[in-house]
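All letters in the sequence shown, in the order written, are residues 1 to 271 by full-length UniProt numbering. Note that the Cβ used here is the ideal one computed from N, Cα and C, for glycine as well. Written below as structure tokens is the structure these notes are about.
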Amino acid sequence: MAGLTEQDAAEQDALEQDAPEQDAPARVPARTAVPSRPSRAPGPRRIAGPLVLVGALAAVAVAVAVLGGERLLSGADPFAGMPAPVAAAAFVALYAAATVAFVPKPLLNLAAGAWFGLAEGLGLAVVATSLGALASFTLARRLGREALRPWLRARAWRALDRELTGHGFRSVLTMRLIPVLPFAVVNCATALGGTRIRPFAAATAVGVLPGTAVLVLAGATASAPSPLGTWLSLAALAALGAATLAPRLRRGREGRRLRQNAVLRQSAERG
């Protein structure tokens with residue numbers, strides 16, 4: 001027995017010597033934590049261009065207000081007596097600066113019709129609206145998300161950001177044609193979203209055309225009243241109001257239908 005025990009012990013030692021040594025688990029060096037790069041605040045160079053544009057528009061607006069202030073307060077045309085190109089350029093600058101400063105657009109469109117007539121006033125108003133919207137868009141984008149995020153509600157911003165990222169032109173065009181959100185809010189929100197500047201500019205120019213035409217027509221009719229123009233203005237204003245209220249009425253009907261269906265389902269489950 002003792003011999004067998006010694007033999008078994010020798011075989012066990014041989015097996016242990018022949019067995020390959022198990023490699024110790026490789027020690028993975030710990031990664032050095034890389035500090036996250038803080039969001040860079042917009043520097044002076046990033047916002048210099050938009051500020052210069054806004055400042056130039058504001059300077060022209062102030063000059064027009066000072067030079068034609070008395071005529072403007074009296075209701076007369078502040079651009080009377082100016083050469084046509086100068087008057088047109090001054091009005092566009094005044095309108096664009098007022099758009100950046102959140103002045104209500106309906107007043108500006110009415111003034112465009114009263115001072116320049118339907119055809120010229122409509123063209124100038126669309127150009128000025130697009131220029132003011134682009135200035136607001138560029139300034140908001142250069143300032144960045146972090147600077148302007150507190151001005152937007154979180155829930156509304158998330159829903160709008162998803163739509164703008166995937167369908168920029170369509171989204172901006174819809175918001176311009178059916179102005180549920182204020183004009184300035186759309187400018188800032190699209191700048192903070194994924195909308196590119198070219199689709200934004202194209203959708204703005206096309207989308208503001210119907211509403212601008214209605215108000216310019218009303219202003220032109222008020223300055224040179226006629227029965228036909230008055231009825232056209234009233235019909236256009238009614239159509240614009242209906243187009244604005246239609247989505248809200250549709251959402252209200254859908255909400256009521258959903259609530260009624262929920263009540264019917266609950267009644268059926270209880271029965």
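Nearest to residue i (by Cα), restricted to the options the options
i, options, result
"residue 104", "80, 182, 128, 169", "182"
"residue 83", "116, 176, 215", "116"
"residue 130", "256, 186, 260, 85", "186"
"residue 108", "215, 202, 194, 139", "215"
"residue 96", "127, 85, 111", "127"
"residue 189", "211, 134, 222, 212", "134"
"residue 170", "221, 192, 202", "202"
"residue 110", "87, 124, 142", "124"
"residue 353", "210, 172, 94", "Nothing about residue 353 can be reported from this structure: the residues present for the chain run from 1 to 271 only."
"residue 88", "138, 106, 121", "121"
"residue 222", "211, 113, 260, 197", "113"
"residue 168", "180, 192, 93, 179", "192"
"residue 210", "139, 179, 199, 141", "179"
"residue 274", "217, 206, 164", "Here the chain has residues from 1 to 271 only, and residue 274 is not among them."
"residue 199", "218, 174, 99", "174"
"residue 106", "85, 261, 208", "208"
Coil, strand or helix - residue i by DSSP
i, result
"residue 199", "helix"
"residue 77", "coil"
"residue 85", "helix"
"residue 219", "helix"
"residue 182", "coil"
"residue 104", "coil"
"residue 194", "coil"
"residue 208", "coil"
Buried or exposed (CB count within 10 angstroms, at least 16 for buried), residue i
i, result
"residue 176", "buried"
"residue 79", "buried"
"residue 258", "exposed"
"residue 102", "exposed"
"residue 81", "exposed"
"residue 184", "buried"
"residue 136", "buried"
"residue 265", "exposed"
"residue 141", "buried"
"residue 268", "exposed"
"residue 100", "buried"
| Start-end ranges of the alpha helix (DSSP H) lying completely within the segment 111–146, minimum 4 residues | If only uninterrupted alpha helix (DSSP H) runs of at least 4 residues are considered, those enclosed by the segment 111–146 are 118–143.
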